[in-house]
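A.B. asks: Per my numbering, residue 36 is the first one in the sequence shown, and the count goes up by one each step.
Every residue, glycine too, gets a C-beta built ideally from N, C-alpha and C.
Quick caveat, the model's predicted, so the values are computed rather than measured.
Provided herewith is a single structure, encoded as C-alpha cells, for subsequent inquiry.
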Amino acid sequence: MKINLALCSTIFISSLMAGQPAFANDHNSKDVSAKLETISQKLVGRLGLAAQEIGSDERITVNGDEKFVMASTYKVAIAVALLERIDKGELKLSDLIDVPQETMVTGDGAIAVNFVHPGIKLSIANLIEPMITLSDNTATDICLKLAGGPEAVTKVMRNIGITDLRVDRYTSEILRDFYGLPDKAYSSVLAKALAEDPSLAAKQPLRNLKFEQEDLRDQSSPNAMLELLLAIDSGKVLSAQSSEFLIDVMSRTRTGAGRLKALLPKGTPVAHKTGTIGGVANDVGFITLPDGRRFAIVVYTKSSTTSEAERDRAIAEVTRILFDFYYLKS
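Below you can see the structure in the form of C-alpha cells.
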C-alpha cells in the first residue's frame, strides 16, 4: 500500500510551523533523516540524500555512503574538470570547438535536435551551458573529451579528496549500455536501432535493475557529490570566477521542474543539475533560503517501481522538508 506522501509532508511541515523554536532547538539532523527516509521509502524504492547548510559542519544524510547511478548529475563533475583546465590556462571559455555531425548523441538536448547540418563550432562556454541547463548529451561528450576523458575527471575528484565518485564513460557509451545498442548512442545508431526495434523508444522510463545495481561505473554516493558541491562553492577546486560561472549556469537549468524546486516558495533561487535514466531520478544543487543563507543538497533514487512523476514528487517533498528545517533553524 502506498503512503500519501503529500499528506505526510503537509502534516510534518505544519508541525514545524506550529512550533518553530522548539523544532529548531530540540530536533537534530538524525531526527530529520529518519523522517525523510520513512516518508520517501514507499515512493522511490531507495533514497540517497545528503544536505548541508553552507558554512555549517552539520550534515543530514539518508544512505549517504551508498552508491547510486549519477545519471546526468555526473555532468557537474565533468564541468568542474573542464573548468579546472581553463583555470590552468590550457583552454579558454571562448575557444571554438568543432561539433562533428557524426558524433551527435541522442537525447532531448538542443544540439542534435536543432543542428541537422554539418559545419558547427561552439565556444566552450556555449557547450557547458546546454550540458548543464538542457542536459545535452552531445555537448557533454565534447566537454568530457576536452576535460581529458573519464579518467581525468575521476583524477580531479581524487585530487580534492573525493573517493566515492567515479566517471567511467561518455554519455554515448552509458546510453549504449543501458539500451543494449550495438555501438555508441549516436543519433544515427539509435535511428537504425529504432527502425529495427521500435520498442526501444518505450525503454527510457523503465527501470533497469541490472544497470542500477550491478554496473558500478559512473556512480557516486550522496556524500561524495555533496563534497563536490561544497568544493565548488568554497573555491577548493576552482577559481572564484569559474565557480561563479558554473553556479550561474546551474541556476538556469530547465530540466527537472518537478524535483528540487517544485514545492519551494515561488522565486526561491535554485542552482541545480538533474539526472534521469530508466528508474533513476536525481537532482543536486544549491538552494537559497529567504534570509540569504544557502544549503547544498543531493537527492538520488534507485530501484523504484513507481512512475517518474511520483519519483519527482518524492524529491520535491524531501527538499521542502529540508528547506523548512534549515529556515526554521535561523
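1. With distances taken Cα to Cα, identify the nearest neighbour of ASP199 among GLY314, ARG346, ILE356 and GLY99.
2. Do ALA306 and MET285 have their beta-carbon atoms positioned less than 8 angstroms apart in this structure?
3. Compute the Euclidean distance between the alpha carbons of VAL67 and LYS296, then round it to the nearest angstrom.
4. Quick one, which of SER278, LEU324 and VAL334 has its alpha-carbon nearest VAL315's?
5. Please report the straight-line C-alpha distance between ILE155 and GLY144, rounded to a whole angstrom.
6. Can you confirm whether the region 126 to 140 touches the region 156 to 172 when touching is taken to mean that 3 or more C-beta pairs between the two stretches lie within less than 8 angstroms?
7. On the DSSP letters alone, give me the boundaries of the beta strand (DSSP E) that LEU82 sits inside.
8. Got a sec? Which residues, its chain only, sit under 6 angstroms from PRO217 by beta carbon, not counting five neighbours each side?
9. Report, in whole angstroms, the separation of the C-beta atoms of ALA331 and LEU265, which I expect to be a contact under 8 angstroms.
10. Once you ignore the five residues that flank LYS271 on each side, which residues in its own chain have a CB closer than 7 angstroms to its CB?
11. Decide if GLY302 is buried, meaning its Cβ has at least 16 other Cβ atoms within 10 Å, or exposed.
12. Could you compute how far the alpha carbon of GLU345 sits from the alpha carbon of SER64?
13. Is the Cβ-Cβ distance between ALA182 and LEU117 less than 8 angstroms?
14. Helix, strand or coil for ARG329 per DSSP?
15. Assuming THR173 is part of the alpha helix (DSSP H), what are its boundary residues?
16. Here's the rule: buried if 16 or more other CB atoms are within 10 angstroms of the residue's CB, otherwise exposed. What is LYS308?
17. Leaving aside the five residues before and after LEU225 along the sequence, list all residues of the same chain whose C-beta is less than 6 angstroms from its C-beta, in chain order.
18. For ARG201, is the classification buried or exposed, using 16 other Cβ atoms within 10 angstroms of its Cβ as the cut-off for buried?
19. Quick check: what's the CA-CA separation for LYS123 versus ILE267?
20. Where does PRO300 land, buried or exposed, given buried means 16+ other C-beta within 10 angstroms?
21. Taking the CB atoms as reference points, tell me whether LEU169 and TYR205 lie closer together than 8 angstroms.
22. Could you pull the start and end residues of the alpha helix (DSSP H) that PHE246 belongs to?
23. Go ahead and pull the three-state DSSP assignment for ILE195.
24. Do VAL104 and ASP253 have their CB atoms nearer than 8 angstroms?
25. Are TYR214 and LYS238 close, meaning C-beta to C-beta below 8 angstroms?
26. Rounded to the nearest angstrom, what separates LEU71 and ASP92 at their Cα positions?
27. Looking at LEU162 and the ligand HEM, is the gap between the Cβ and the nearest heavy atom below 7 angstroms?
28. Please classify ASN172 as buried or exposed, where buried requires at least 16 other C-beta atoms within 10 Å of its C-beta.
29. Less than 8 angstroms separating the beta-carbons of GLU101 and SER256?
30. Exposed or buried, what is GLU164 when buried is set at 16 or more other beta-carbons lying within 10 Å of its beta-carbon?
C.D. replies: Put simply:
1. GLY99
2. yes
3. 19 angstroms
4. VAL334
5. 15 angstroms
6. yes
7. 81 to 88
8. none
9. 6 angstroms
10. ILE195
11. exposed
12. 25 angstroms
13. yes
14. strand
15. 172 to 181
16. buried
17. THR141
18. buried
19. 16 angstroms
20. exposed
21. no
22. 244 to 248
23. coil
24. yes
25. yes
26. 20 angstroms
27. Only the bare structure without any ligand can be found here, which leaves the ligand HEM out of the picture.
28. buried
29. yes
30. buried
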